[in-house]
Amino acid sequence: MKMILPASISATPNGTTRPQVRIVIVGHVDHGKSTLVGRLLHETKSLPEGKLEMLKSVSARRGMPFEWSFLLDALQTERDQGITIDTTQIRFRTGSRDIVLIDAPGHAEFLRNMITGASQADGAVLIIDALEGVRDQTRRHGYLLHLLGVKQVAVVVNKMDRVDFSADRFNEISDEISAHLTDLGMTPTAVIPISARDGDGVAERTPRTRWYQGPTVVEALDALEPARPLEELALRLPVQAIYKFDDRRIVAGRIESGHLAAGDEIVIMPAGKIAKIKTVESWPLTPVQGKQGAGRSVGITLDRELFVERGDVISHTGASPRDTRRLRARIFWLHDKPLANGEQILVRLGTRESRATVVRIEKAVDPGELSSIENESIAKNHVGEIDISLAQPIAADPYSDNPRTGRLVIEVAGRIAGGGLVLSVDAGQRAVPIDIVPVESALRPDERSARYRHNGAVVWLTGLPGSGKSTLARALERRLFGNGGSPILLDGDTLRAGLNGDLGFSAADRTENIRRLAEVATHLARNGHIAIVAAVSPSREDRAAARRIADAAFREVYVATPAEVCESRDPKGHYAKARAGALQAFTGIGNDYQPPASSELTIDTSARSVSDAADEIERMLAKTGILFDELVDLAANI
Amino acid sequence: MHVLNNESAKDPSRWVAPANGNAIPQIALAARSGAPSIDHLDALEAQSIYILREAFARLKKLALLWSLGKDSNVMIWLARKAFLGRVPFPALHVDTGKKFPEMYAFRDRYGKEWELDLRVEPCPPIETIDPTLPPAARSAARKTEGLKLALAKFGFDGLIAGIRRDEEATRAKERVFSPRGTEGGWDVRDQPPEFWDQFNASPPPGAHLRIHPILHWTEADIWAYTKRENIPIIPLYLAKDGKRYRSLGDADITFPVASAAANIEEILAELEATKVPERSGRALDHETEDAFERLRVAGYL
Numbered sequence: 000m001k002m003i004l005p006a007s008i009s010a011t012p013n014g015t016t017r018p019q020v021r022i023v024i025v026g027h028v029d030h031g032k033s034t035l036v037g038r039l040l041h042e043t044k045s046l047p048e049g050k051l052e053m054l055k056s057v058s059a060r061r062g063m064p065f066e067w068s069f070l071l072d073a074l075q076t077e078r079d080q081g082i083t084i085d086t087t088q089i090r091f092r093t094g095s096r097d098i099v100l101i102d103a104p105g106h107a108e109f110l111r112n113m114i115t116g117a118s119q120a121d122g123a124v125l126i127i128d129a130l131e132g133v134r135d136q137t138r139r140h141g142y143l144l145h146l147l148g149v150k151q152v153a154v155v156v157n158k159m160d161r162v163d164f165s166a167d168r169f170n171e172i173s174d175e176i177s178a179h180l181t182d183l184g185m186t187p188t189a190v191i192p193i194s195a196r197d198g199d200g201v202a203e204r205t206p207r208t209r210w211y212q213g214p215t216v217v218e219a220l221d222a223l224e225p226a227r228p229l230e231e232l233a234l235r236l237p238v239q240a241i242y243k244f245d246d247r248r249i250v251a252g253r254i255e256s257g258h259l260a261a262g263d264e265i266v267i268m269p270a271g272k273i274a275k276i277k278t279v280e281s282w283p284l285t286p287v288q289g290k291q292g293a294g295r296s297v298g299i300t301l302d303r304e305l306f307v308e309r310g311d312v313i314s315h316t317g318a319s320p321r322d323t324r325r326l327r328a329r330i331f332w333l334h335d336k337p338l339a340n341g342e343q344i345l346v347r348l349g350t351r352e353s354r355a356t357v358v359r360i361e362k363a364v365d366p367g368e369l370s371s372i373e374n375e376s377i378a379k380n381h382v383g384e385i386d387i388s389l390a391q392p393i394a395a396d397p398y399s400d401n402p403r404t405g406r407l408v409i410e411v412a413g414r415i416a417g418g419g420l421v422l423s424v425d426a427g428q429r430a431v432p433i434d435i436v437p438v439e440s441a442l443r444p445d446e447r448s449a450r451y452r453h454n455g456a457v458v459w460l461t462g463l464p465g466s467g468k469s470t471l472a473r474a475l476e477r478r479l480f481g482n483g484g485s486p487i488l489l490d491g492d493t494l495r496a497g498l499n500g501d502l503g504f505s506a507a508d509r510t511e512n513i514r515r516l517a518e519v520a521t522h523l524a525r526n527g528h529i530a531i532v533a534a535v536s537p538s539r540e541d542r543a544a545a546r547r548i549a550d551a552a553f554r555e556v557y558v559a560t561p562a563e564v565c566e567s568r569d570p571k572g573h574y575a576k577a578r579a580g581a582l583q584a585f586t587g588i589g590n591d592y593q594p595p596a597s598s599e600l601t602i603d604t605s606a607r608s609v610s611d612a613a614d615e616i617e618r619m620l621a622k623t624g625i626l627f628d629e630l631v632d633l634a635a636n637i
Numbered sequence: 000m001h002v003l004n005n006e007s008a009k010d011p012s013r014w015v016a017p018a019n020g021n022a023i024p025q026i027a028l029a030a031r032s033g034a035p036s037i038d039h040l041d042a043l044e045a046q047s048i049y050i051l052r053e054a055f056a057r058l059k060k061l062a063l064l065w066s067l068g069k070d071s072n073v074m075i076w077l078a079r080k081a082f083l084g085r086v087p088f089p090a091l092h093v094d095t096g097k098k099f100p101e102m103y104a105f106r107d108r109y110g111k112e113w114e115l116d117l118r119v120e121p122c123p124p125i126e127t128i129d130p131t132l133p134p135a136a137r138s139a140a141r142k143t144e145g146l147k148l149a150l151a152k153f154g155f156d157g158l159i160a161g162i163r164r165d166e167e168a169t170r171a172k173e174r175v176f177s178p179r180g181t182e183g184g185w186d187v188r189d190q191p192p193e194f195w196d197q198f199n200a201s202p203p204p205g206a207h208l209r210i211h212p213i214l215h216w217t218e219a220d221i222w223a224y225t226k227r228e229n230i231p232i233i234p235l236y237l238a239k240d241g242k243r244y245r246s247l248g249d250a251d252i253t254f255p256v257a258s259a260a261a262n263i264e265e266i267l268a269e270l271e272a273t274k275v276p277e278r279s280g281r282a283l284d285h286e287t288e289d290a291f292e293r294l295r296v297a298g299y300l
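Protein chains in written order, with numbering that gives the first Met the number 0: chain W, 0 to 637; chain F, 0 to 300.
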């Protein structure tokens, strides 16, 4: 028989009646991981028939002594190099469960594979060579297990035959590694002396380790405890997609924690919109009744038409995650190029992705050495704490509150480059990347205001299409200019022809359109101009974002012309097109315009003249400290 | 984690002692906590649905590779669950022309019944394939070439494939989202990290991704799920005259194994006891030590 071993053996398949536990074996290169795995398979009688004989013949053919590790090193390249390159999964049985063993490479070069393997594990075995003792990769792997959230670690001190099964040597190593793990907040479930090659301590105690009273490796694997059930935590349902395959609008995602059921009142973060779950949809039978718990992939419908998008997180009202543009995280870095302060990155948290900037780095260190801490960059295979400033608000939890929505990965050039745990979430902070140093104007603000006789401002006209925003904006512009001021009109449609030419009319694009309008307008306002923005801006949340950007310079004017008047005016012919079905996502005909609750001014243009309305805006600007002129001067302009 | 929330699969009430005790001492099972609401198959299903939905959300032009076997039938079933009834992308059958008649009958029937957008693409003749490959591998490599032609024709940026880690050594090393070069090749030495269900889904222009939604399933899981969900199967999997097929490929390079399992329950019982690998009847796996790996590096499934 010429076939070589499959590295994962299907001979002991997991049925549906036994619990499956995933265990990763980590440790320094050459400390004997693959040998331990080979031995475990043998001791648990998990090897297919004839496998052992075949292994021995392969070894003989290669002129090498028999090695248990050949079992794993199924790839040609690996046998030639003598190291395990990638994560391999092997299944076997202990007394009470099916074990999936994830063999992770010890070679520093392949840390990304170790992480890929270890992130899937329920528990870990950390292996140490009795002769060599604790090495840098031992410490590094210990640290990474902690970062990956693997809390149960059994330590195996291998190659005890090389130190004559010395209890002293064993205790020395046991003390050192226990201290290291304890520092990281982990307690080893066991420290076990073994010889994987000879079999001592793997499945049976032998006379050579008579001084040792603890469990064997197999017993230790059998005794790992389940983690705290995610179902007991608050509901977190990150939205994967919205499906409209038929007349249902289904919000799809996986329940990461907690549970839900039809009728639950939910809040959609980060926007904070509230709705009720109408149904939980499924296939082939739908709808499904009863509670759906953590781990389920579900599709729900809501009782109202709300804008929901991929990346939002659904939770119960009163127990929602926080919305933030600022996070602190403890991360590990896997990319060749170090992560530097000020760097632009892509952050993925749940199903949300956001551009982001690294605004601070602290405690960057090689977890293998745990010395020479630095604060400028995090090198490959090192760890550190970073502050991240996000381009858009996201919903997140600290890791200590929720392990699923409290972890993130970082992508560079389309490839996962690092990951880590969210340490803290700062709500509502506006992000200012520290490496960006804007060049200040040569003029002082008061020089400009002395000439223009006004302070800078953002006058934001919002209202339905056809409500008269542009007409009013133009009248106001003419009026202010006539008085020697410096008004600048920013019409939503005009910007869409150029600066915002890349944006469409999806909700995300509308949000970005508003953000850019607000940023440009704010820049003008800071330089003393009055930016007059005329934009439908139907979303209350988007306008709130604009107000946050412009801050004290923001003046919102709600042009509250009744809908039927707007439609009868239809200056751009949009209503007619939308009624004919030729214009998608047109605000006006649907009821998707959210009127302001507390604008600085509300004007109904169906009830008054344009100049009358412009007067009122001027009065508001004067009253709120933008215009210096006395109110009486207004009369001259009529 | 690939099987999410693994804890919930551990229902103490359902734990059973091993069938006939091996030498492993039993550990007391005290203080296990949690009454899970989902079982092992539910957890597998939910994870696969999550992966399928991620693929659909993040890639532009997807297709699902339908080999007509038990695994890809489960995969189609999962896709119908993920998308509430109908698979919203094409099902691609790269046809060597040498499948069993029962497989073609199955394809014709269920392609319609499941409302699949079925695309059948042929493979180039054997003469065009690398003559240094061993005979069975060379024959199977036609599928790789057929796949490349189909990719060029349709411009898919993602191919969903029903491979599993427990089938075969090199498949055990796969990622869930696995990048392929512009030639369809797999760089096993430089696979990107993948953890916490965050996937690398940005193939460079001209390249594509393989997506493996049932990578974490075992052969027994597939059968247990097929039974639970009543998914139709090709009768070749059931024993006839003391033999059955455990894995289906081209008729000329696939062989049955000795078996008396005439229904799925009996298959599951057989799998509990067997030590014979699943793909032992697939000649191409066994010709040389590295034949299968060479096929996979070149783009085979």
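Think of the CB as a built atom: it goes at the ideal place given N, C-alpha and C, for glycine as much as any other residue.
Can you name the residues that DSSP bridges to residue i?
i	result
residue 178 (chain F)	F:208
residue 157 (chain W)	W:128
residue 343 (chain W)	W:356
residue 242 (chain W)	W:249
residue 121 (chain F)	F:94
Using a threshold of 8 Å, state whether the C-beta atoms of residue i and residue j are closer than that.
i	j	result
residue 213 (chain W)	residue 193 (chain W)	no
residue 406 (chain W)	residue 216 (chain F)	no
residue 490 (chain W)	residue 513 (chain W)	no
residue 223 (chain F)	residue 243 (chain F)	no
residue 208 (chain W)	residue 197 (chain W)	no
residue 350 (chain W)	residue 269 (chain W)	no
residue 160 (chain F)	residue 209 (chain F)	yes
residue 101 (chain W)	residue 119 (chain W)	yes
residue 152 (chain W)	residue 185 (chain W)	yes
residue 339 (chain W)	residue 361 (chain W)	no
residue 189 (chain F)	residue 40 (chain F)	no
residue 157 (chain W)	residue 178 (chain W)	no
Which residues in the same chain have their Cβ closer than 6 Å to the Cβ of residue i, if we skip the five residues on either side of it in sequence?
i	result
residue 85 (chain F)	114
residue 314 (chain F)	As displayed, chain F neither begins before 0 nor continues past 300, which places residue 314 (chain F) out of reach and without an answer.
residue 199 (chain F)	176, 191
residue 290 (chain W)	258, 260
Using a Cβ-Cβ cutoff of less than 8 Å, which residues in the same chain neighbour residue i once the five nearest sequence positions on both sides are dropped?
i	result
residue 635 (chain W)	Only weak support exists for where residue 635 (chain W) lies, its pLDDT of 42 falling under 50; the value from the coordinates is given anyway. Result list for residue 635 (chain W): empty, nothing under 8 Å.
residue 401 (chain W)	232, 233, 235, 255, 256, 320
residue 293 (chain W)	228, 229, 230, 232, 254, 255, 256, 257, 258
residue 22 (chain W)	98, 99, 100, 101, 120, 121, 122, 123, 124, 220, 223
Go through its chain and collect everything with a Cβ distance to residue i's Cβ below 7 Å, but skip five positions before and after it.
i	result
residue 135 (chain W)	367, 368
residue 605 (chain W)	560, 561, 564
residue 568 (chain W)	465
With respect to 7 Å, is the separation between the Cβ of residue i and the closest non-hydrogen atom of the ligand MN below this value?
i	result
residue 278 (chain F)	Annotation note on the ligand MN: not contained in the displayed structure, which lists no ligands.
Practice prompt. With 7 Å as the C-beta to C-beta threshold (strictly closer), list the residues of the segment 98-127 of chain F near chain W in chain order.
Written response: none
Fill in: Chain-ordered residues of the segment 61-95 of chain F with a beta carbon less than 8 Å from chain W
79, 80, 81, 82, 83, 84, 85, 87
Discussion item. Under 8 Å: do the segment 513-526 of chain W and the segment 547-554 of chain W share three or more Cβ pairs, one atom per stretch?
Written reply: Short answer: they touch.
Item to complete: Give a yes or no on contact between the segment 232-241 of chain F and the segment 174-192 of chain F, applying the rule of three or more CB pairs nearer than 8 Å.
Response: Under the three-pair Cβ rule at 8 Å, the segment 232-241 of chain F does not count as touching the segment 174-192 of chain F.
Practice prompt. Give the residues from the segment 193-224 of chain F that approach chain W closer than 7 Å (Cβ to any Cβ), ordered along the chain.
Written response: 193, 194, 195, 197, 199, 201, 217, 218, 219, 220, 223
Item to complete: Quick one: which residues of the segment 239-251 of chain W get their C-beta closer than 7 Å to a C-beta of chain F? List them in chain order.
Response: Within the segment 239-251 of chain W, the residues whose Cβ lies closer than 7 Å to some Cβ of chain F are 239, 240, 242, 244, 249, 251, listed in chain order.
Fill in: Given 8 Å, three or more beta-carbon pairs between the segment 324-335 of chain W and the segment 299-312 of chain W
no
Item to complete: Pair every Cβ in the segment 269-279 of chain W with every Cβ in the segment 96-108 of chain F, then say whether three or more of these pairs are closer than 8 Å.
Response: Segments in contact, no.
Item to complete: Could you tell me whether the segment 492-499 of chain W touches the segment 417-424 of chain W, using the rule of 3 or more Cβ pairs below 8 Å?
Response: They do not touch, by the three-pair rule.
Fill in: the segment 291-298 of chain F in contact with the segment 245-257 of chain F per 3-pair CB rule at 8 Å
In short, these stretches do not touch, since the Cβ pair count stays below three.
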